[in-house]
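This report refers to the structure that appears directly beneath it.
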Amino acid sequence: MSTIEYIKGQIKKLYESNPNIHLSVKLMQSKTLVENVPVKIVGVYRNIFQIEEMGVTVRPERRSFQYGDVLIGRIVIQELDYTPPEPQNPKLRKG
């Protein structure tokens, strides 16, 4: 089983058992960091999963993410049993 399949399976388990999770998002392009936001998993699909922001009174916003976003640490789900690897810094390589 690949790491992506493991992550997808864990997200699917959360979706089926308790879809209310806490998400931290780090977007490198805009340098945005959102931490510990309560969201609900509303869909798990072959290549993506969808979340909906909780606590929004007017109209909850849905967002889609790829499982690879979790793999590389762009998205962290507190309830998920997965820790992304530390980023490699090519300037620190020996040899």
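This note's numbering puts the sequence shown at residues 18 to 112. Cβ atoms here follow ideal geometry from the backbone N, Cα and C, with glycine treated the same way.
DSSP three-state assignment for residue i, whether helix, strand or coil
i	result
Leu40	strand
Glu33	helix
Glu70	strand
Val75	coil
Ile89	coil
Leu97	coil
Gly112	Here the model assigns Gly112 a pLDDT of 48, short of 50, so the residue's position is not dependable, and the following value carries that caveat. Here Gly112 sits in coil by DSSP.
Endpoints, beta strand (DSSP E) assigned at residue i
i	result
Val93	92 to 94
Arg79	79 to 83
Reference residue i, options the options, closest by Cα
i	options	result
Val54	Tyr62, Met71, Ile65	Met71
Arg91	Val51, Ile28, Gly26	Val51
Ile24	Phe66, Pro77, Arg80	Phe66
Val59	Lys30, Lys43, Tyr99	Lys30
DSSP beta-bridge partners of residue i
i	result
Gly26	Paired residue(s): none; Gly26 is not in a bridge.
Ile58	Ile68
Beta-carbon proximity check, residue i vs residue j, cutoff 8 Å
i	j	result
Ile21	Glu96	no
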